[in-house]
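Novice:
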Amino acid sequence: MATYEYRCPRDGAFEVRARIGEAAGSVRCGVCGGAAVRVISAPWLAVTPKPLTRAIDAAARTAESPDVVTRIPDRGPVRRRR
Numbered sequence: 001m002a003t004y005e006y007r008c009p010r011d012g013a014f015e016v017r018a019r020i021g022e023a024a025g026s027v028r029c030g031v032c033g034g035a036a037v038r039v040i041s042a043p044w045l046a047v048t049p050k051p052l053t054r055a056i057d058a059a060a061r062t063a064e065s066p067d068v069v070t071r072i073p074d075r076g077p078v079r080r081r082r
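When we follow UniProt numbering, the leftmost residue of the sequence shown carries the number 1, and every step to the right adds one.
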């Protein structure tokens with residue numbers, strides 16, 4: 001299911017859920033019953049959290065050209081058990 005946006009000249013914009021590819025060019029407004037036409041709008045990309053966007057971009061970059069490891073990473077400090 002996808003969300004499609006429609007605009008009524010009298011009552012403004014509203015959304016309708018329908019199967020992908022099955023959205024009508026116009027529907028009846030739920031408030032006044034008049035014809036509302038489908039509006040092509042941008043997807044909600046702005047609501048994706050920035051850290052998630054950065055992680056997706058980093059994963060895409062490494063898929064094309066992964067970092068090459070030239071040595072084994074340091075183990076870090078050794079912990080002693082008591």
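All residues carry an ideal CB built from backbone N, CA and C; glycine is no exception.
None of these values were measured; they are calculated from a predicted model.
Going straight from the alpha carbon of Ala55 to that of Val47, what length do you get?
Specialist: Each residue's Cα considered, the two are about 15 angstroms apart.
Novice: Could you give the distance in angstroms between the alpha-carbon of Arg75 and the alpha-carbon of Val68?
Specialist: When rounded, the distance between both Cα atoms is 19 angstroms.
Novice: Quick one: give me the first and last residue of the alpha helix (DSSP H) that Thr62 is part of.
Specialist: Unbroken alpha helix (DSSP H) run through Thr62: 50 to 64.
Novice: Kindly give me the distance between the Cβ atoms of Glu22 and Glu15, rounded to whole angstroms, as I take these residues to be in contact under 8 angstroms.
Specialist: That pair is no contact at about 15 angstroms.
Novice: According to DSSP, is Val69 part of a helix, a strand, or is it coil?
Specialist: Of the three classes helix, strand and coil, the one that applies to Val69 here is coil, per DSSP.
Novice: Span of the beta strand (DSSP E) holding residue 86?
Specialist: Not covered by the structure: residue 86. The range shown for the chain is 1 to 82.
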